[in-house]
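Trainee: Heads up: the sequence lines are chains A and B, in that order.
Per my numbering: the first sequence = residues 489 to 559.
Per my numbering: the second sequence = residues 40 to 602.
Virtual Cβ for every residue (Gly too), placed ideally from N, Cα, C.
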Amino acid sequence: MTKQTDPHKTQVLENEIFETSNSGRSDAHQVNSDFSEVDFKGSKWIYFIVIGLNAIYILLFYWINQLYGNS
Amino acid sequence: MSSIDWIILGLVLAFIVLYGLAKTRNQSGVSDFVTGGNKASWWTIGLSVMATQASAITFLSTPGQAFHDGMGFVQFYFGLPIAMVIISLFFVPIYHRLKVFTAYAYLEDRFNVQTRTLTAVFFLIQRGLAAGITIFAPSIILSAVLGWDLVGLNILIGTLVVVYTVTGGTRAVNITQKQQMGVIFGGMFLAFLMLLNFLPLEVGLDEALTIAGAQDKMNILDFSFDFDNRYTFWSGIIGGSFLALSYFGTDQSQVQRYLSGRTLRQSQMGLIMNGMLKVPMQFFILLIGVLVFVFYQFNTAPLNFNPTNERMVMDSPYASEYKVLDQEKDLLMGQIQTLQLTYLDAEDPAQKDLLQKEISALNTRQLSLRKEARELILAADKDAETNDKDYVFIHFILTQLPVGLIGLLLAVILSAAMSSTASEINALGATTAVDLYQRHRPGHSEKHYLKITRYFTLIWGVIAILVACTAPLFDNLIQLVNIIGSIFYGNILGVFLAAFFIRPIKGPSIFWAALINQAFVITLFVLDLFEVIKLPYLWLNVIGCVAVIIIAFVVQFFRGANQ
């Protein structure tokens, strides 16, 4: 009742993750490819956008800090 | 409060509750109740995730934080977008793939049932307390400023939430949170516009920020490694990432929001929406607090924003001394107002510099008057809570905003309280039913489990109300919730990170490591509380997370040696 899954499949998925993390292949493409079967295609750009957007926020705060700040 | 405000407040709250009830009457089973039948779109999830995190404390305490300490608190949220990306990439696909109802169910697959039960219990302890504080925070403040009965208000907020959460489950929580976020965004934007409108004609946004900056309120970023400073860029990026990773990735009150997504992609996009909007939203709320500060550079503010304190000291033998302080404060504020206008008109940098120093000196004197006022309040009642940060914004709302808008802003505060509480008791009920009851008492019918889940939701609603009725007022309410979170979150996150990424760690090792580590983290917190060590609470997240993994390796080593 708590979940609707096949325990064997769970183990397979975990092995995929462990292989990714333990083999030292940390690039985003490789990590994504291990999750590609779960509806992940074509959405990688959104992760760069969210980080980039927040980097822009921080730059904006830095600018406001320089403009109005007292430190 | 006028009858128009009462009508607006009543209509907004009644509409949200009745709409939530009407739309979600029929639940077919536990799946429908806990995950909302997996029908939520990405923007429903995004709004729901934001509404869950943004409690009434956010809207009462955050402007007060900016009023006193400036904009630096925004740094606390810098780690959140990083956490959103990590959770979307690694956590959500696994939860969706396994079709779990709770985050802790995954831990049984990976480790063992003991670890699942232990993390679920840790969650229930900290979230059960936090749910009470989520109700208590607005109640204590509204009861003080409006004279409403504290216990009655706790029961009212709790009961409204319990009614639609017990009946409609996750779908009712999602649906009502959309309306609540609409009220919150609309109300806060109107408050911002009114604040700008209330400033003198010569003072626009640019001038207001110049005035605030001259009084150290616009120091947004702090790149120092000063452990005495709770909010720096580094504590926000590192400590904030861990806290957000833990809160959004492993806290069932958030996990349950995105598990209700129609597809994996919808769940991921909901979290990404939060990652894009959270930092500017917090910046905006802090900016409102800074504008309140600027407003009170041109208008008279009370010596203490908590009206209960002022009434109490005026009825005490210290009333005459308090009146003297109040008169001096009024005189100072008149001088500050004149100098601020002169400062804005001045063009010579040397003159501006001189004026700024004079204004700073007057503001410093004003601060010392407030400190003396707090001492008088304490002399009149040694148990009085003199910290008035949480009362600054509500004081402004009630004394300055026009009729109608007061009712709307009170609806904002109560909506925020209800949206967070609903998610919390929804998750507490689900975790108790699924991870504890259902897991250890299998074999009953779907109807039985649905009934039990509703009972547990009701019980947690009652517990939250009881905690709210007995909670003492802390130094700063928003910090209290974050401190409770930090004590448990790091440990739980470490268990989940080990589950996701560290293959050699096995179930028995992580279980004992989690127990030992929790005692270790609580010890660190107590040592900091009694000033034996200096450790800002955000770092408990990092230490708790790393320590549980290290301890698990040590336990595993000794277990291996014994075997």
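What are the residues that DSSP puts in a beta bridge with B:Ala-79?
Mentor: B:Gly-300
Trainee: Relative to chain A, which residues along the region 584-596 of chain B have a C-beta separation below 8 Å, given in chain order?
Mentor: Nothing from the region 584-596 of chain B brings a Cβ to less than 8 Å from some Cβ of chain A.
Trainee: Helix, strand or coil for A:His-517? Go by DSSP, reduced to three states.
Mentor: Legend: pLDDT at A:His-517 = 32, less than 50; position of this residue unreliable, value from coordinates given subsequently. A:His-517: helix per DSSP, three-state reduction.
Trainee: Return the CA-CA distance between A:Met-489 and B:Arg-155, expressed in angstroms with no decimal places.
Mentor: Residue placement at A:Met-489 cannot be trusted, given a pLDDT of 38 that sits under 50; the coordinates are not used to answer.
Trainee: Is there contact between the region 459-471 of chain B and the region 246-262 of chain B, where contact requires at least three CB pairs shorter than 8 Å?
Mentor: no
Trainee: Using only alpha-carbon positions, find the residue among B:Val-431, B:His-479, B:Gly-500, B:Gly-243 that is nearest to B:Met-457.
Mentor: B:Gly-500
Trainee: Write down the C-beta distance between B:Phe-647 and B:Thr-74 rounded to the nearest angstrom, noting that I regard them as a contact closer than 8 Å.
Mentor: Look at the range of chain B in this structure, 40 to 602, and you will see that residue 647 of chain B is not part of it.
Trainee: If distances are taken between C-alpha atoms only, which option among B:Glu-386, B:Lys-396, B:Gln-405 comes closest to B:Gln-366?
Mentor: B:Gln-405
Trainee: Looking only at its own chain, which residues have a Cβ that is under 8 Å from the Cβ of B:Gly-599, when we skip the five neighbours before and after it?
Mentor: none
Trainee: Would A:Ile-534 pass as an interface residue toward chain B - the criterion being a Cβ-Cβ separation below 8 Å?
Mentor: yes
Trainee: Chain B beta carbons: is any one of them nearer than 8 Å to that of A:Ile-544?
Mentor: no
Trainee: Could you give the distance in angstroms between the alpha-carbon of B:Leu-380 and the alpha-carbon of B:Ala-400?
Mentor: As the crow flies, the alpha-carbon of B:Leu-380 is around 16 Å from that of B:Ala-400.
Trainee: Provide the residue span of the alpha helix (DSSP H) that contains B:Ala-412, from first to last.
Mentor: Note, B:Ala-412: alpha helix (DSSP H), 388-419.
Trainee: Output yes if chain A places a C-beta closer than 8 Å to the C-beta of B:Thr-425; else output no.
Mentor: no
Trainee: Go through its chain and collect everything with a Cβ distance to B:Ile-375's Cβ below 8 Å, but skip five positions before and after it.
Mentor: Gln-336, Ile-398, Leu-401, Asn-402, Gln-405
Trainee: Residues in its own chain within less than 8 Å of B:Phe-262 by CB, not counting five upstream and five downstream?
Mentor: Cβ neighbours of B:Phe-262 beyond the five flanking positions: Thr-271, Phe-272, Trp-273.
Trainee: What is the rounded straight-line gap between the Cα of B:Gly-118 and the Cα of B:Ala-230?
Mentor: 28 Å
Trainee: Among the candidates B:Glu-386, B:Leu-342, B:Asp-384, whose CA atom is the shortest distance from the CA of B:Met-372?
Mentor: B:Leu-342
Trainee: On the premise that B:Leu-577 lies in contact with B:Gly-279, defined as a C-beta separation below 8 Å, what is that separation, rounded to the nearest angstrom?
Mentor: 7 Å
Trainee: Under the DSSP definition of a beta bridge, which residues are partnered with B:Val-431?
Mentor: None, per the DSSP bridge assignment.
Trainee: Checking contacts by CB at 8 Å: is A:Leu-541 closer than that to chain B?
Mentor: Yes, A:Leu-541 lies at the interface with chain B (some Cβ there is under 8 Å from its Cβ).
Trainee: Does B:Leu-48 come within less than 8 Å of chain A when only Cβ atoms are used?
Mentor: no
Trainee: Does the Cβ-Cβ distance between B:Ile-172 and B:Asp-429 come in under 8 Å?
Mentor: no
Trainee: In whole angstroms, what is the alpha-carbon distance linking A:Lys-529 and B:Phe-98?
Mentor: Residue confidence for A:Lys-529 is low, a pLDDT of 48 falling below 50, so the modelled location carries little weight; the figure read from the coordinates is stated next. Each residue's Cα considered, the two are about 38 Å apart.
Trainee: Relative to the C-alpha of B:Glu-147, which candidate in B:Asn-521, B:Asp-392, B:Val-473 has its C-alpha closest?
Mentor: B:Val-473
Trainee: Excluding sequence positions up to five away, which residues of its chain have a Cβ less than 7 Å from the Cβ of B:Ala-510?
Mentor: Exclusion of the five residues before and after B:Ala-510 leaves Gly-171, Ile-172, Phe-175 as the residues of its chain whose Cβ lies within less than 7 Å of its Cβ.
Trainee: What's the gap between the Cα of B:Met-40 and the Cα of B:Leu-195?
Mentor: Distance between the alpha carbons of B:Met-40 and B:Leu-195 is about 18 Å.
Trainee: Nearest to B:Phe-605 by alpha carbon, out of B:Ala-591, B:Phe-322, B:Ile-572?
Mentor: Examination of residue 605 of chain B is not possible in this model, given that chain B is present from 40 through 602 alone.
Trainee: Would B:Ile-259 count as contacting chain A if we go by Cβ distances under 8 Å?
Mentor: For B:Ile-259, the answer is yes, since a Cβ of chain A falls inside 8 Å of its Cβ.
Trainee: In this structure, does DSSP put B:Val-242 in helix, strand or coil?
Mentor: In this structure, B:Val-242 counts as coil in the three-state DSSP scheme.
Trainee: Counting pairs of beta carbons, one from the region 85-103 of chain B and one from the region 309-320 of chain B, are three or more of them closer than 8 Å?
Mentor: yes
Trainee: Is there at least one Cβ from chain A nearer than 8 Å to B:Pro-102's Cβ?
Mentor: B:Pro-102 does not count as touching chain A.
Trainee: Is B:Val-442 helix, strand or coil when you go by DSSP?
Mentor: coil
Trainee: If you measure beta-carbon to beta-carbon, which residues of the region 122-136 of chain B are closer than 8 Å to chain A?
Mentor: Met-123, Val-124, Ser-127, Leu-128, Phe-129, Pro-132, Ile-133, His-135, Arg-136
Trainee: Once DSSP output is grouped into helix, strand and coil, what is the label at B:Val-139?
Mentor: strand
Trainee: Hey, does B:Asp-369 have any beta-carbon neighbour from chain A nearer than 8 Å?
Mentor: no
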